[in-house]
Amino acid sequence: MLNIGFQLMITSGIFATNLSNYGTDIIGAGWGWRVSLAGAAVPADIITLGSIFLPDNPNSIIDHLISMFLPATLNSIINRLRSTFLPNTLNSIIDRLREAAA
């Protein structure tokens, strides 16, 4: 069902863009494409500004807490996220993050 909804939104976006281009085609002096491009920039700007308010992902939280040297806080977060406690989990996560950053 999600795939059908995604396809419907893409198709309706293409249709709306074609209607917008058709409507701006009647603008004289070569300004139609500028108006159409400016109209397309509005949703892109909204999405870009909205991405500032996205929450952190687990990797960025761990990276932030590592830089603040709070391993006890990290251990409590990992224990809440995972159902089983593994004593070397924190060290393996830190090692993997450092390898990925290198």
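Residue numbers are given in the numbering used here: position 11 of the sequence shown equals residue 11, and the series is strictly consecutive.
For glycine and all other residues, C-beta sits at the position ideal for the given N, C-alpha and C.
CA-to-CA, the gap between G13 and L19 works out to about 10 Å.
Rounded to the nearest whole angstrom, the C-alpha separation of N88 and A100 is 18 Å. CA-CA distance, I77 to I52, rounds to 24 Å.
In this chain, L54 is not harboured by any alpha helix (DSSP H), its DSSP state being neither H nor E. If you draw a straight line from the Cα of T11 to the Cα of I4, it is about 10 Å long. About 11 Å separates the beta carbons of I61 and L97, which is beyond the 8 Å limit, so they are not a contact pair.
Around the beta carbon of L8, fewer than 16 other beta carbons lie within 10 angstroms, which makes this residue exposed. Around the Cβ of L74, a 10 Å sphere holds 16 or more other Cβ atoms; the residue is buried.
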